[in-house]
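Enquirer: Chains as they are written, first to last, in this note's numbering: chain H, 902 to 1292; chain L, 902 to 1292; chain F, 902 to 1292.
One structure follows; several queries about it will come next.
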Amino acid sequence: SDGRVEITSGDGATSLRLRGLVQADYRWFDSANEPADTFLLRRARLVFEGKFNNIFSYVVQPEFAGTIQILDANVNVAVSPAFNVRIGKFKTPVGLEQLQSDPVAFFNERSVATNLTPNRDVGIQLQGDVLNKTLNYTVALLNGVPDGGNNVTGSADFDSDKTVAARLFATPFVNQKDSLFTGLGVGLAVSLGDYATASGRTGGYRTDGQQTFFSYDASVVANGQGVTWSPQGYYYRGPLGILAEYVASSIELQRGALPVREVENFGYNLSVGYVLTGEDSTYRGVTPKTVFNPSAGTWGAFEVVARVSGLDVDDSVFSGGAAGRFAAPNVSASKLTAYGLGLNWYLSRSVRAGFNLYQNKFDLAPDAVPAANALIADDETAFITRLQISF
Amino acid sequence: SDGRVEITSGDGATSLRLRGLVQADYRWFDSANEPADTFLLRRARLVFEGKFNNIFSYVVQPEFAGTIQILDANVNVAVSPAFNVRIGKFKTPVGLEQLQSDPVAFFNERSVATNLTPNRDVGIQLQGDVLNKTLNYTVALLNGVPDGGNNVTGSADFDSDKTVAARLFATPFVNQKDSLFTGLGVGLAVSLGDYATASGRTGGYRTDGQQTFFSYDASVVANGQGVTWSPQGYYYRGPLGILAEYVASSIELQRGALPVREVENFGYNLSVGYVLTGEDSTYRGVTPKTVFNPSAGTWGAFEVVARVSGLDVDDSVFSGGAAGRFAAPNVSASKLTAYGLGLNWYLSRSVRAGFNLYQNKFDLAPDAVPAANALIADDETAFITRLQISF
Amino acid sequence: SDGRVEITSGDGATSLRLRGLVQADYRWFDSANEPADTFLLRRARLVFEGKFNNIFSYVVQPEFAGTIQILDANVNVAVSPAFNVRIGKFKTPVGLEQLQSDPVAFFNERSVATNLTPNRDVGIQLQGDVLNKTLNYTVALLNGVPDGGNNVTGSADFDSDKTVAARLFATPFVNQKDSLFTGLGVGLAVSLGDYATASGRTGGYRTDGQQTFFSYDASVVANGQGVTWSPQGYYYRGPLGILAEYVASSIELQRGALPVREVENFGYNLSVGYVLTGEDSTYRGVTPKTVFNPSAGTWGAFEVVARVSGLDVDDSVFSGGAAGRFAAPNVSASKLTAYGLGLNWYLSRSVRAGFNLYQNKFDLAPDAVPAANALIADDETAFITRLQISF
């Protein structure tokens, strides 16, 4: 129902779900250093999900907005609930917000902390629920993508070194339905790999308004180990939801023939949501009690959300002079603090309008003078509205 | 039936339709200035259309032939039949032929007048049927695309100015089933916006054979207001169909630092179809009474079509000398008059073969000498055949 | 069942099948001249197949891994079982292994002989089964693609000359179910066309490990006739399967203004498979008697496969000195002999794991000294593993 189509065999052992996601935005920016106000088709996805024999399942999810690409294409073999093997392209199991399905996140855009967590990659993953479903474990071996990176085409690796990512996530009270802590989850994730070439470092970090505020000099390459780790957790109770995450990402970088230096960047995200109409907030989204239907006098559900997040770049990236530094202080900021406020209107289980106001403050490197028209010359204020259908 | 698949809930409030379109052409050209004869995959589309709760609907339509892109991706909220809100990527509501679904148009290729109407864009649109369904209104706010343009990726705007498009279309006798004018529709559409940069002017105008016969100099940019307006109408009665459209498109252009000059181009299209086997002609196509089935001795339906259309470029584009003119008179024509004759064979409701002969005559700027091998050196004669399936 | 979804009308005359293919690889290479070990998303396809009225059918198959493209988009009109007309984009009817559906081939990668057969193209094809289904004929008129080539976008031809491809394939004993030769098929295919420009010659020949071991100099263009012919056959009986193919491909090439010279390259492939668990081997794959289900103690089917194949480039391509030769002997080999051994594990009808070991030996041109790091400096050893789902 509600736009979701599932074709199922009589015994339920075989099914195909046809799903999709369309997100259409309007975005206002307040200053001349920022991009033009614009309509934007943010996401247009189709999802084919199937399972059969109660053991095998698959996902094929192409993205048609922006850069057309295959997001997910993988096979899962459920040897048992506690032991699944997944092979293909899927999300790297590190960031809590990164792993949450985009259309059910509190805000239209993920927090700036998610700049530091790897995104989709190709590889093999073992995962399962153990200890009476109170603990989920995931271990993956992957080609390796940098901070915020995505193996867009599912293509081959640049070197033979692989990346290991592992995540433990506990929901210790999930089976105690009346507990104050039924909706509590805490976890720790880490990824570790060797990286090389320009494709081994991040392509840049972006603000809430999706503008690049930090990027390495084009001549900087990864040359050594990269480690990301993230303690993370959430708490949901009734209409209240809280999601918190801390990410530290270190990488060994090199510019030209100069010595390799390790850089360590940090990010954090604290997000809160409260459903004004009383529905339950969950990590998988909000299901409104009523559907928007003016003739019936029903309006759906409303939720207010707030977020503070930040990203702190290693100060050493700006040292070494113009010929030796990793980043230019006149166009890249040293630190970002991002505030967000929003209202979500759930017109139905599948349709949501989101109204987000973002205020992003930049700290520059000592003595830095921003270039004319540089994004970092002024704080960023952005108002991003969205209508989305996730069927 | 007939290849169309719809999955519907018991109460009909929720449905998903899986549709598609494949068009495969063979194209002959008669002269050395024209392209090689060729097979061509013209369109290969899948369409996912759904609705639910009788209020919400969506379309996701990727195109896989030529430049792979998302054509339509939008959400429609039907507050009432008279008031719909559509958000995402969709066709700009201006051209009558542009708005008609491609597989049901009289000819394999739209007329040269459609060069002047904007195509798909991202934005928000209000539309509805009022006055007992005798009047349809549409108002849209969009990023803005130039003549014949298409916001291919649904991407951001180059400036903060937005484009307004509005269309009124009346079918005053639609409720009088026995009237001579039941199938009469007349309308007026207009779009108005500010444009800038090379992406604000047309990428070129094409003949019926889809060859570019006019394009601005690469250094010409839009710099000011663009206005398109179009009176339009159709008349269908029994096997007869007539579609007529006039388009005027003006745009302020600039070359280098020279003064801004306004250019106004005109187009027209008069198309007629007659179904020889007696089926009704409609704006939504022809449904044959029989299906092609040689063993049963049935052959489907046949329709003859004829068209005269033209495009007249503002003569001032050629003035100003080699360093100041907007277009080069040796490769761009000043005027195009296009004649088309065709036969459509409806093998079934979903399968159509179309045989089109096009004769396109160029008028050159005064004293212009066409370049060697320039398309405009000779009239264009093209024979475009197509087999299409629109399921 | 088994993940395959078909929506059918009551009378079976109309149906839509939603299918797909995901192939996820891990690939090891043994030497520094070869690429890095890597995970790879090899194929991610969706397939929409429909038929209606028992006469019309269509296929739309986009590929989302690697270069996103439309593979098949065509309409088939079954005038009678003996006379079908297909129009659009489809596989050129030449290579036996090329025509076999990829997920059911013995090996993860097709043999090196398939480098010499044309792949997908746009055009029109007549085909049918005659003589009580003991003979299949196919004749196609196409734009023309070079050896191993693919008309990626279904785009227009570079010249007006078209390519003819024809294939006869006999299964003389297919109606004698108890014959020793029920599963015997033999055929002959040929394609013939005029080619020009760099797009008329092959883009390069690849090893089993999918690395290019031969390519023409960038200044070499096709300029004249190209002919491919291939005797071919298979034999399936119980768990045993044998597939054999020989291909000769000649093309007239030219470098700069030097004289046109004809080049003829040869390839062969002999592949054998044996299903250890006793299921039947067929050209359309293996259906395991049991499904992988550890809790039920069933494991699916297992098959061993072996292959020897080769590709012999015309020695004359290396003659003419550095300024006149068609290929450089220090990076392109003169001959490739490829050995393959593999194990296929059919976890279900839709899920297969394949483990392939390839050993590829290069013969260089006389007196050739391979360039440093050239692939051809050492034999190639590759181990390519794959998990695939073909629903």
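Glycine included, each C-beta is placed from N, C-alpha and C at the ideal position.
1. Would you mind sorting K1063 of chain F into buried or exposed? The rule is 16 or more other CB atoms within 10 Å of its CB.
2. Are the C-beta atoms of L1244 of chain L and some chain F residue less than 8 Å apart?
3. In terms of alpha-carbon separation, which member of L:V1013, L:D926 and L:N1037 lies closest to D1048 of chain L?
4. Just to confirm the assignment, what range does the beta strand (DSSP E) spanning R970 of chain F have?
5. With the cut-off set at 8 Å, would you say S1151 of chain L and V1161 of chain L are in Cβ contact?
6. Of the choices H:A1067, H:F1074, H:G1221 and H:G1024, whose alpha-carbon is the least far from that of V1051 of chain H?
7. What three-state label does DSSP hand F1256 of chain H in the structure shown?
8. Less than 8 Å between the beta carbons of Y1096 of chain L and G1045 of chain L, yes or no?
9. According to DSSP, simplified to helix, strand and coil, what is A1275 of chain L?
10. Mind checking if T1039 of chain L is an interface residue toward chain F, Cβ cutoff 8 Å exclusive?
11. What is the DSSP secondary structure of G1174 of chain F, counted as helix, strand or coil?
12. Just verifying my parser: in three-state terms, what is the DSSP assignment at A1234 of chain L?
13. Quick check: the stretch 979-995 of chain H against the stretch 921-929 of chain H, are at least 3 beta-carbon pairs closer than 8 Å?
14. Are the stretch 1275-1289 of chain L and the stretch 1254-1261 of chain L in contact at 8 Å, needing three or more beta carbon pairs?
15. Have a look at the DSSP bridge pairing and note the partners of Y1169 of chain H.
16. How long is the line joining the alpha carbons of S1217 of chain L and D1268 of chain L, rounded to whole angstroms?
17. Write down the C-beta distance between T1098 of chain L and Y1106 of chain L rounded to the nearest angstrom, noting that I regard them as a contact closer than 8 Å.
18. Can at least three beta-carbon pairs, one atom from the stretch 1175-1186 of chain L and one from the stretch 1139-1154 of chain L, be found at a separation below 8 Å?
19. Could you tell me the alpha carbon to alpha carbon distance between P982 of chain L and A1239 of chain H, rounded to whole angstroms?
20. For A1234 of chain F, which residues in the same chain have their Cβ closer than 7 Å to its Cβ, ignoring the five residues on either side in sequence?
21. By DSSP, does G1088 of chain L sit in helix, in strand, or in coil?
22. If we require 3 or more residues per run, which beta strand (DSSP E) segments fall completely within the stretch 1010-1039 of chain H?
23. By Cβ distance below 8 Å, which residues in the same chain neighbour T1054 of chain H in space, the five residues on each side in sequence not counted?
24. Around the C-beta of G1201 of chain F, are 16 or more other C-beta atoms found within 10 angstroms, so that it is buried, or is it exposed?
25. How about A974 of chain F and I956 of chain F: do their beta carbons lie closer than 8 Å?
26. Among L:D1022, L:R1102 and L:P1073, which residue has its Cα nearest to the Cα of A1066 of chain L?
27. When the Cα of R920 of chain H is compared with those of H:V948, H:N934, H:E935 and H:D931, which residue comes out closest?
28. With 16 other CB atoms within 10 Å as the buried threshold, where does L1248 of chain H fall?
29. Go ahead and pull the three-state DSSP assignment for S1217 of chain L.
30. L1154 of chain F bridges to which residues according to DSSP?
31. Would D938 of chain F count as contacting chain H if we go by Cβ distances under 8 Å?
32. In the DSSP assignment, find the alpha helix (DSSP H) that holds L1248 of chain H and state where it starts and stops.
33. Just the Cα atoms here: how many angstroms apart are S1077 of chain L and T1039 of chain F?
34. S932 of chain L touches chain F at which residues, Cβ-Cβ below 8 Å?
35. For a quick check, are the C-beta atoms of Q1133 of chain F and E1146 of chain F less than 8 Å apart?
36. If you check the beta carbons only, do I1285 of chain F and E1010 of chain F fall under 8 Å apart?
Expert: Considering the structure as presented:
1. The count along the third sequence starts at 1 and reaches residue 1063 of chain F at position 162. By the neighbour-count rule (16 or more Cβ atoms within 10 Å), K1063 of chain F is buried.
2. Translated into the one-based positions of the second sequence, residue 1244 of chain L becomes position 343. Taking Cβ atoms only, chain F never reaches closer than 8 Å to L1244 of chain L, which makes this a no.
3. In the second sequence, counting from the first residue as 1, residue 1048 of chain L sits at position 147. D1048 of chain L has its Cα closest to that of L:V1013, out of L:V1013, L:D926 and L:N1037.
4. Position 69 of the third sequence, counted from the first residue, corresponds to residue 970 of chain F. The residue you asked about is not Arg; residue 970 of chain F is Gln in the sequence shown. Residues Q970 to S981.
5. As a first step, residue 1151 of chain L is located in the second sequence; it is residue number 250 there, counting from the start. As a first step, residue 1161 of chain L is located in the second sequence; it is residue number 260 there, counting from the start. No, these two residues do not count as a Cβ contact at 8 Å.
6. For the purposes of this step, residue 1051 of chain H is taken as residue 150 along the first sequence, with counting starting at 1. The sequence as given places Asn at residue 1051 of chain H; Val does not occur at that position. Comparing Cα-Cα distances from N1051 of chain H to each of H:A1067, H:F1074, H:G1221 and H:G1024, the minimum goes to H:G1024.
7. On the first sequence, residue 1256 of chain H is found 355 positions in, with the first residue counted as 1. The answer is strand: DSSP assigns F1256 of chain H an E or B state.
8. Position 195 of the second sequence, counted from the first residue, corresponds to residue 1096 of chain L. Position 144 of the second sequence, counted from the first residue, corresponds to residue 1045 of chain L. Yes. Within cutoff.
9. As a first step, residue 1275 of chain L must be located in the second sequence, where it is residue number 374. Coil, per DSSP.
10. Position 138 of the second sequence, counting from 1, holds the residue named residue 1039 of chain L. Interface flag for T1039 of chain L against chain F is unset, since no Cβ pair is found closer than 8 Å.
11. If you number the third sequence from 1, residue 1174 of chain F lands on position 273. DSSP places G1174 of chain F in strand when its eight states are reduced to three.
12. Numbered from 1 along the second sequence, position 333 holds the residue referred to as residue 1234 of chain L. Coil at A1234 of chain L, not helix or strand.
13. Contact check between the stretch 921-929 of chain H and the stretch 979-995 of chain H: fewer than three CB pairs, one atom from each, fall below 8 Å, which does not count as touching.
14. By the Cβ rule, the stretch 1275-1289 of chain L counts as touching the stretch 1254-1261 of chain L, because three or more pairs are nearer than 8 Å.
15. Counting from 1 along the first sequence, the entry for residue 1169 of chain H is found at position 268. DSSP, once it has assigned bridges, lists H:Y1147 and H:G1211 as partnering Y1169 of chain H.
16. Counting from one through the second sequence, the residue named residue 1217 of chain L turns up at place 316. Counting from one through the second sequence, the residue named residue 1268 of chain L turns up at place 367. S1217 of chain L and D1268 of chain L: Cα-Cα distance of roughly 14 Å.
17. As a first step, residue 1098 of chain L is located in the second sequence; it is residue number 197 there, counting from the start. As a first step, residue 1106 of chain L is located in the second sequence; it is residue number 205 there, counting from the start. Their Cβ separation, rounded to whole angstroms, is 19 Å, which puts T1098 of chain L and Y1106 of chain L out of contact at 8 Å.
18. Verdict: yes, contact present.
19. Residue mapping note: residue 982 of chain L aligns to position 81 of the second sequence, counting from 1. Residue mapping note: residue 1239 of chain H aligns to position 338 of the first sequence, counting from 1. If you draw a straight line from the Cα of P982 of chain L to the Cα of A1239 of chain H, it comes to about 42 Å.
20. As a position in the third sequence, residue 1234 of chain F is number 333, starting the count at 1. Apart from the 5 residues on each side of it in sequence, A1234 of chain F sits with its Cβ closer than 7 Å to the Cβ of F1114, F1115, F1263, D1264, L1265 and I1277 in its chain, given in chain order.
21. As a working note, residue 1088 of chain L is residue 187 in the second sequence. Reduced to three states, the DSSP call for G1088 of chain L is strand.
22. Listed in chain order, the complete beta strand (DSSP E) runs (minimum 3 residues) inside the stretch 1010-1039 of chain H are 1021-1031.
23. Numbered from its first residue, the first sequence carries residue 1054 of chain H at position 153. So the qualifying residues of the chain are Q970 and I971.
24. Counting from 1 along the third sequence, the entry for residue 1201 of chain F is found at position 300. Buried, by the Cβ-count rule.
25. Counting from one through the third sequence, the residue named residue 974 of chain F turns up at place 73. Counting from one through the third sequence, the residue named residue 956 of chain F turns up at place 55. No, the Cβ-Cβ distance between A974 of chain F and I956 of chain F is not below 8 Å.
26. Within the second sequence, numbered from 1, the residue matching residue 1066 of chain L stands at position 165. L:D1022 is the residue among L:D1022, L:R1102 and L:P1073 whose C-alpha sits nearest the C-alpha of A1066 of chain L.
27. Walking along the first sequence from the start, residue 920 of chain H turns up at place 19. Comparing alpha carbon positions, the residue from H:V948, H:N934, H:E935 and H:D931 closest to R920 of chain H is H:V948.
28. Along the first sequence, one-based indexing puts residue 1248 of chain H at 347. With 16 or more other CB atoms across the displayed protein chains lying within 10 angstroms of its CB, L1248 of chain H is buried.
29. The residue labelled residue 1217 of chain L in the question sits at position 316 within the second sequence. In the structure shown, S1217 of chain L falls within a helical segment according to DSSP collapsed to helix, strand and coil.
30. Counting from one through the third sequence, the residue named residue 1154 of chain F turns up at place 253. In the DSSP secondary-structure assignment, L1154 of chain F is bridged to F:A1123 and F:R1162.
31. Stepping through the third sequence from its first residue, residue 938 of chain F is reached at position 37. Yes, D938 of chain F counts as interfacial toward chain H.
32. Numbered from its first residue, the first sequence carries residue 1248 of chain H at position 347. Premise fails: L1248 of chain H is in no alpha helix (DSSP H) and is neither H nor E.
33. Here residue 1077 of chain L corresponds to residue number 176 of the second sequence, with the count starting at 1. Here residue 1039 of chain F corresponds to residue number 138 of the third sequence, with the count starting at 1. In the sequence under discussion, the amino acid at residue 1077 of chain L is Gln, which differs from the Ser named in the question. Q1077 of chain L and T1039 of chain F have their C-alpha atoms some 54 Å from each other.
34. Here residue 932 of chain L refers to the residue found at position 31 of the second sequence. Listed along chain F, no residue sits closer than 8 Å to S932 of chain L by beta-carbon distance, the nearest being about 12 Å off.
35. As a position in the third sequence, residue 1133 of chain F is number 232, starting the count at 1. As a position in the third sequence, residue 1146 of chain F is number 245, starting the count at 1. Cβ distance < 8 Å, so Q1133 of chain F and E1146 of chain F count as in contact.
36. Position 384 of the third sequence, counted from the start, is the residue given in the question as residue 1285 of chain F. Position 109 of the third sequence, counted from the start, is the residue given in the question as residue 1010 of chain F. At the C-beta level, I1285 of chain F and E1010 of chain F come within 8 Å of one another.
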